[in-house]
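Going down the list, the sequences are from chains A and Y.
According to this note's numbering, the first sequence is numbered sequentially starting from 1.
According to this note's numbering, the second sequence is numbered sequentially starting from 1001.
Down below is the structure, laid out as structure tokens.
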Amino acid sequence: MAFSAKTSAAVLAARFLTFTMRLLGSGGTSLPGKVALRICPDLLARLSGHFSILMVTGTNGKTTTSRMVAQLLEASGLRYRTNKSGANLASGITATVACATSLFGNPKVPWLLLEADEAAFRVTAPHLKPKAVIATNFFRDQLDRFGELYSTLNAVREGLAGTPDSLLVFNADDSLCASLGIGMDTGKAASRRLFPFGLSVSASPGSDAFSSDAAFCIRCSTRYRYSASSYGHLGHFSCPSCGYGRPTPAILCETVVAGPDSSRVRIVTNRGAYEAEIGLPGLYNVYNGLSAAALAEALSLPHDAVVKALASFERGFGRMESFQAEGRTVQIILVKNPTGFDQVLGYLETLPGPVTPAFLINDGLADGTDVSWLWDVDFERFAARFASRFEEQAADDAAFMAVSGLRADDMAVRLKYAGVPESRILICPEPDAMFLDALARTPKGGTLCLMPTYTALLALRGILAKRYGLRDFWK
Amino acid sequence: MRELTLIHLYPDLMNLYGDRGNIVTLKRRCEWRGIQLNVVPVSLGDPFDADRADIVFIGGGQDYEQAILQDDALTKKRDDILRAVESDVVFLAICGGYQLLGSHYLTGEGKRIECLGALDVCTEAGRKRLIGNLIFDCPFLPEENRKVIGFENHSGMTFRGPSVNPLGRVLYGHGNTGSDGTEGALYRNVIGSYSHGSLLPKNPALADFLLERALLRRYPAGERLSPLPDELERKAREGLLKRFLHTS
């Protein structure tokens, strides 16, 4: 395709605005892409042919998975650009593609790694024609924006329909995600090349979720049977009526040994078996690591690059970052939907020593304006597990939970009904003030665990960057 | 010890937007007053025992899950549910559950889906999805707690027949149809509403209203509910009322 003046102008605008906004210290990431699209509406289609493009979509784990894949490319000696800052809407994706293109239309790097929100995926994938797509999973998330979980799934399905040659890496244990790999009318596998990943029976610990996001067959509405489950609705599902079931993973996690900071896994593929250390705790990160390993199969990248990537990837913005402050460990874990939140609470229970949980709940557009999902999180179980800590530390009145953000009071009510004594709930709507107060009241050697929603996380980063020199997130 | 039984209808299908918070709230508020609330899940294929129920709760669901239960509800449970309604069992039905209690649902393509007919309301698919915080005034609640706060997310528009009162008047948000100024339905001891939120934790007066009705029916000579401090709840309510209604 000829590189027209219009394309050139759009690229120039996106690059100039991105550069200027960074210079001004603004983390804003949507304007350059919007302007570029205004100048040249079909910019993505014009530019995409120059790159090998990888896209990561799904409701949970996109950012962490992208970080792992980035490291995988790095370890494989492949040069790439990525939309690192969590700018995963169409505008952010456009800006990333434009900034990776020279003014003469030449690609600056051969590879692009693009994290895409599900709605953005639907719109951009048909133009980008990615070489491979990772679909991580589908859990209820931000329903007030998308309507329903099935609409979210269908958005990805539509996006995939527009790019039939893309290799598809998907979660075999997720009945919703796995449905992307079947022709929904015939039940036969689509002609595209598929790379399903999943956990073995022995690696699946069993789920105790009290409500499943997908208990009934997506094809015939019969209740699934499970021969193993890992968490949420993920597991070895099969429909007793129509025969739809978990596809056999081409990339299988045979064993998981979970540690407090990482998990040791054994991965089996048709190129052989290998062991790897995943540098973040939690079963959901095992899935993230497994999806990166599956991508390596799709692209025929070496196993030692996977091992290196999973051990050394950079933790994402608010994804379990931790640092030391006044003799305490501060950990930041983004929360955004019930399944993810349950996993985070499960992780907190494993931390040794005094732990102060701090919940920062906002209800901005990026958080989801509806906070009712807090009632779908299993705080009852969490409160019961923490009850003993309250008793142990009763004397010095140290153990408590903090709540903050625009919906701090709602969160306090949630904890009260979960069984946390009111006297143990510290309410401080202002995030900075809560952070300082909660830090001071956490015993030395203990952990202050900040669990913010998205905009609450942004609100915190200012004070954390100033005080503790945390890097600016968009870099 | 006084005891109440709550039937949770289709908990595995109708469980959107934190609706289980309503059950958590009723259970705790009973527990804090020394009342035992037994929660019995009743789903596909399970019998619905109208004589056992003091309170019935049904939440909202996605279209996909609602379609699954339609047949079970109409062929296996309808008569018992109707009998429960007419014998003053307390119902709380949210969103899809509220629509299910009505007579029918008219889809965007003009297809009529039969519903239970326990409540004289019907629903039509609307073009717009009505999403956002919802505040409405319930005249039957104590003066200081008349304003009920929830969060709505629906595209159906629900119209009431003459025997059914609105649950309240919309002060902020959309409500039943987005234009008639009413929210929800009140008929005998049945409350239907579009409010997720969850509804009851932020509106303890409404939770207590339901419990009072259920207790009065099961223990006509029993003592009234003892008041609870509700300080956190009051604080959360005040903050939201101030933010959305600009009241001081």
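The beta carbon of each residue, even a glycine, is placed where N, CA and C say it ideally should be.
Unbroken beta strand (DSSP E) run spanning A/Ile53, endpoints:
A/Ile53 -> beta strand (DSSP E) spans Ser52 to Thr57.
Tell me whether A/Ala135 sits in a helix, a strand or coil according to DSSP, three-state version.
DSSP places A/Ala135 within a strand segment (E or B) once states are collapsed to three.
Assigned secondary structure, Y/Asp1019 (DSSP; H/G/I helix, E/B strand, else coil)
Reduced to three states, the DSSP call for Y/Asp1019 is coil.
Based on the DSSP secondary-structure assignment, which residues constitute the bridge partners of Y/Asp1072?
DSSP, once it has assigned bridges, lists no residue as partnering Y/Asp1072.
Can you name, in chain order, every residue of its own chain whose Cβ lies under 6 Å from the Cβ of A/Leu345, other than the five neighbours on each side?
Taken in chain order, the residues that qualify are Phe382.
Assign A/Leu153 to one of three DSSP states: helix, strand, or coil.
Helix.
Could you give the residue range of the beta strand (DSSP E) that holds A/Pro196?
Looking at the DSSP string, the run of the beta strand (DSSP E) that includes A/Pro196 is Leu194 to Leu199.
Exposed unless 16 or more other CB atoms sit within 10 angstroms - verdict on Y/Arg1020:
Flag for Y/Arg1020 reads buried.
For the beta strand (DSSP E) containing A/Cys449, name the first residue and the last one.
First-last of the beta strand (DSSP E) with A/Cys449: Thr447 to Pro452.
Buried versus exposed, by CB contacts within 10 Å (16 or more), A/Val403:
With 16 or more neighbouring CB atoms inside 10 Å of its own CB, A/Val403 falls in the buried class.
Taking buried to mean at least 16 other C-beta atoms within 10 Å of its own C-beta, is A/Gly446 buried or exposed?
Of the other Cβ atoms in all chains shown, 16 or more fall within 10 Å of the Cβ of A/Gly446; this residue is therefore buried.
Output, in sequence order along the chain, the residues in the segment 367 to 379 of chain A whose CB is closer than 8 Å to any CB in chain Y.
Result list: Thr369, Asp370, Val371, Ser372, Trp373, Leu374, Trp375 and Asp376.
Just the chain Y side, please: which residues come within less than 9 Å of A/Tyr150 by C-beta, in chain order?
The contacting residues are Gln1062, Asp1063 and Tyr1064.
Of the choices Y/Ser1155, Y/Glu1183, Y/Val1164 and Y/Pro1011, whose alpha-carbon is the least far from that of Y/Val1103?
The residue you asked about is not Val; residue 1103 of chain Y is Ser in the sequence shown. It is Y/Val1164 whose Cα lies nearest to the Cα of Y/Ser1103.
Give the DSSP bridge partners of Y/Asn1133, in chain order.
According to DSSP, which records beta bridges pairwise, Y/Asn1133 is partnered with Y/Phe1151.
Using only the alpha-carbon positions, how far apart do A/Ser48 and A/Leu128 sit?
When rounded, the distance between both Cα atoms is 5 Å.
In this structure, does DSSP put Y/Ser1103 in helix, strand or coil?
Reduced to three states, the DSSP call for Y/Ser1103 is coil.
Given Y/Gln1099, which residues of its chain have a CB within under 7 Å of its CB, disregarding the five upstream and five downstream residues?
Answer for Y/Gln1099: Tyr1105, Cys1115, Thr1123, Gly1156 and Thr1158, listed in chain order.
Could you name each continuous alpha helix (DSSP H) segment of 4 residues or more that falls completely within the segment 1150 to 1216 of chain Y, going from the start of the chain to the end?
Counting only runs of 4+ residues, the alpha helix (DSSP H) found wholly inside the segment 1150 to 1216 of chain Y occupies 1199 to 1202, in chain order.
Which of the three DSSP states, helix, strand or coil, is assigned to A/Thr269?
For A/Thr269, the secondary structure class from DSSP, reduced to helix, strand or coil, is strand.
For Y/Val1024, which of helix, strand or coil comes out of DSSP?
DSSP places Y/Val1024 in helix when its eight states are reduced to three.
Under 7 Å Cβ to Cβ from A/Thr124, same chain only, skipping five residues before and after it: list those, please.
Exclusion of the five residues before and after A/Thr124 leaves Leu44, Ala90, Ile93 and Ala116 as the residues of its chain whose Cβ lies within less than 7 Å of its Cβ.
Taking the continuous beta strand (DSSP E) assigned at A/Phe104, which residues delimit it?
A/Phe104 -> no beta strand (DSSP E), and no H or E assigned at all.
Please list, in chain order, all residues of the same chain as A/Ala120 whose beta carbon is under 7 Å from its beta carbon, the five residues on each side excluded.
Scanning its chain for C-beta atoms nearer than 7 Å, with the 5 sequence neighbours on each side dropped, one finds around A/Ala120 the residues Asn88, Leu89, Ala90 and Ile93, in chain order.
Compare the C-alpha of A/Glu430 against each of A/Ala456, A/Tyr417 and A/Leu351 and name the closest.
Comparing alpha carbon positions, the residue from A/Ala456, A/Tyr417 and A/Leu351 closest to A/Glu430 is A/Ala456.
If you measure from the beta carbon of A/Val413 to each beta carbon in chain Y, is any gap under 8 Å?
For A/Val413, a Cβ of chain Y is located within less than 8 Å of the residue's own Cβ.
Have a look at the DSSP bridge pairing and note the partners of A/Leu168.
Beta-bridge pairing links A/Leu168 to A/Val133 and A/Leu194.
Mapping the DSSP letters down to three states, classify A/Arg414 as helix, strand or coil.
A/Arg414: helix per DSSP, three-state reduction.
In chain order, each beta strand (DSSP E) run of at least 3 residues that lies wholly inside the segment 294 to 363 of chain A:
Every beta strand (DSSP E) stretch that sits fully inside the segment 294 to 363 of chain A and reaches 3 residues is listed by chain position as 319 to 325, 328 to 333 and 355 to 360.
So which residues on chain Y does A/Ala215 lean against when the C-beta distance must stay under 7 Å?
Simply Asp1012.
Answer with buried or exposed for A/Phe16, where buried requires no fewer than 16 other C-beta atoms within 10 angstroms of its C-beta.
Counting C-beta atoms within 10 angstroms of its own C-beta, A/Phe16 has fewer than 16 neighbours from the protein chains shown and is therefore classed as exposed.
Please classify Y/His1246 as buried or exposed, where buried requires at least 16 neighbouring CB atoms within 10 angstroms.
Classification of Y/His1246: exposed, given that the 10 Å Cβ count is below 16.
Whose C-beta lies closer than 7 Å to the C-beta of Y/Arg1213 among residues of the same chain, with five residues either side of it excluded?
Result list for Y/Arg1213: Val1090 and Asn1189, in chain order.
Chain-ordered chain A contacts of Y/Glu1233 [CB-CB under 7 Å]:
Within chain A, the residues near Y/Glu1233 are Val413.
With a 10 Å radius around its C-beta and 16 neighbouring C-beta atoms as the bar for buried, classify A/Pro196 as buried or exposed.
Counting Cβ neighbours within 10 Å, A/Pro196 comes out buried, since at least 16 surround it.
Would A/Asp363 and A/Val355 be called neighbours here (beta carbons separated by less than 8 Å)?
No. Outside cutoff.
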